[in-house]
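Engineer:
Numbering (UniProt numbering), first residue to last: 1 to 233.
Structural data, given as structure tokens:
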């Protein structure tokens, strides 16, 4: 009934699809037919994965065309509309190209689709070979200094000449005398002074002898006075 009403009113209801946006971009950027076929192949591969269910048709069109240009070696197009969402979508698309459907691969291997399925398979095989070669080569390993450190592992740390001034090498093993040049530039007032105990005063020998002699003279004078007084009485 709804279709009858729409046909009577001659209304055509539709929605913009990925193919619609792809055709607009291809017409604006003057891309080759091979690029359009490769983008269509990539978009149909994306239909098998739920990661792209919420992706907008315009984003899918831009991302698939950019990825198709990279696969076919075409120059990049900078239209000023590329954003972070497009970049994430392109990276996600590139992660789902290694195992396309057999039916899709057979469909896009036909000449009227420019044989883009075979070109994509060749591109993926080339990328896998490059990754395998880099993994086998590996980064150069740094030289090991285990042999140089083995001889000094049990030695007592000494004062190094190339280390920080005033600091001992390795773990602190007492006693270690600090370097003299650590105190060269320090002011005199900042020298650490050892704790000092109170000193008990000691009488001088001359003073004690004088006191003893004086006391003896006093005792002798008193004795003579007492003796003289006794005789007079």
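Quick reminder that beta carbons are idealized off the backbone N, C-alpha and C, glycines included.
1) In chain order, what residues of the same chain lie with their CB nearer than 8 Å to the CB of residue 53, ignoring the 5 residues before and after it?
2) For residue 22, which three-state DSSP category applies?
3) Would DSSP call residue 134 helix, strand or coil?
4) Counting only the same chain and skipping the five closest in sequence on each side, list residues whose C-beta sits under 8 Å from that of residue 35.
5) When the Cα of residue 234 is compared with those of 85, 120, 61, 78, which residue comes out closest?
6) Going by beta-carbon coordinates alone, are residue 49 and residue 96 separated by less than 7 Å?
7) Candidates 47, 30, 98: which alpha carbon is nearest residue 125's?
8) I believe residue 44 touches residue 91 by the beta-carbon criterion, under 8 Å. Please report the beta-carbon distance rounded to the nearest angstrom.
9) Can the beta-carbon of residue 116 be found less than 7 Å from the beta-carbon of residue 108?
10) Where does the unbroken alpha helix (DSSP H) through residue 58 begin, and where does it stop?
11) For residue 18, which residues from the same chain have a beta carbon less than 7 Å from its beta carbon, with the 5 sequence-adjacent residues on both sides left out?
12) Report the three-state DSSP secondary structure of residue 78 (helix, strand or coil).
13) Taking the C-alpha atoms as reference points, what is the distance between residue 123 and residue 5?
14) Which residue marks the beginning of the alpha helix (DSSP H) containing residue 88, and which one marks its end?
Structural biologist: Taking the coordinates as given:
1) none
2) helix
3) helix
4) 26, 65, 68, 69, 72, 74
5) Nothing can be reported for residue 234, as the shown portion of the chain is limited to 1 through 233.
6) yes
7) 98
8) 19 Å between Cβ atoms; not a contact.
9) yes
10) 57-72
11) 43, 57, 60, 61
12) coil
13) 50 Å
14) 84-94
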